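Each remark here refers to the structure printed beneath this line.
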Amino acid sequence: MDLKSKLLDKKQELEEVIAQKKDDLMIPVTESTDELSMYDQHPADAASDLYEREKDAGLLELMELELQKTNDALARYDRGQYYICKSCGKAIEPKRLERLLNTTLCIECARKAQDDFIRPAEEDITFPGAMSDRGETLEIAGYDLYDSDN
Ligand SMILES: [Zn+2]
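Quick note: the sequence shown uses our numbering, first residue 49, plus one each step.
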């Protein structure tokens, strides 16, 4: 499967999950609990229900961000810029793109960025089993010693 098909799959999957989550969140609080009125409800129950909703809303926000990145990646693909690092203009490693479909940075630039953002949230959510970029960098450094100055 080529990377564009993978991107389209990911886009579709995200859109479905987001639509489902939005449906869930649309249900008013009073209908999602068995209580007819909020006044009769134990305050702690209402609080934990609210907490669950806020957690869901936070997750939804992250998924929408992920979808936006995927759409951006598709747009870059169509412009022929998908394989080009947004930061330094060099080619992004194909293996890296396969693993992180909507990445915009090559390994070197991602590693620099990670000094500011310890781990991008996108990698935790969509690729729970993925290697860290740091590990991959070590692997690359092993057979590309000329460019490695650290
Ligand atoms: Zn770069």
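Here a beta-carbon is modelled for each residue, glycine too, at the ideal position from N, C-alpha and C. Keep in mind the model is a prediction, meaning the values are calculated, not measured.
query: Would you mind working out which of Glu156, Ala67, Lys54 sits nearest Leu108, comparing C-alpha positions?; result: Ala67
query: Using DSSP bridges, identify the partner residues of Ile132.; result: Ala139
query: Would the beta-carbon of Leu56 fall within 7 Å of that of Leu149?; result: no
query: Can the beta-carbon of Lys160 be found closer than 7 Å to that of Thr118?; result: no
query: Using three-state DSSP, classify Asp120 as helix, strand or coil.; result: helix
query: Compute the distance between the beta-carbons of Cys154 and Lys134, then report whether it is under 7 Å.; result: no
query: Under 8 Å by Cβ, that's how I've got Tyr130 and Ala121 pegged, so tell me the actual separation to the nearest angstrom.; result: 6 Å
query: Tell me whether the beta-carbon of Lys52 lies closer than 7 Å to the beta-carbon of Tyr99.; result: no
query: So what does DSSP say about Asp57, is it helix, strand or coil?; result: helix
query: Looking only at its chain, what residues have a beta carbon closer than 8 Å to the beta carbon of Glu63, apart from the 5 residues adjacent to it on each side?; result: Leu115
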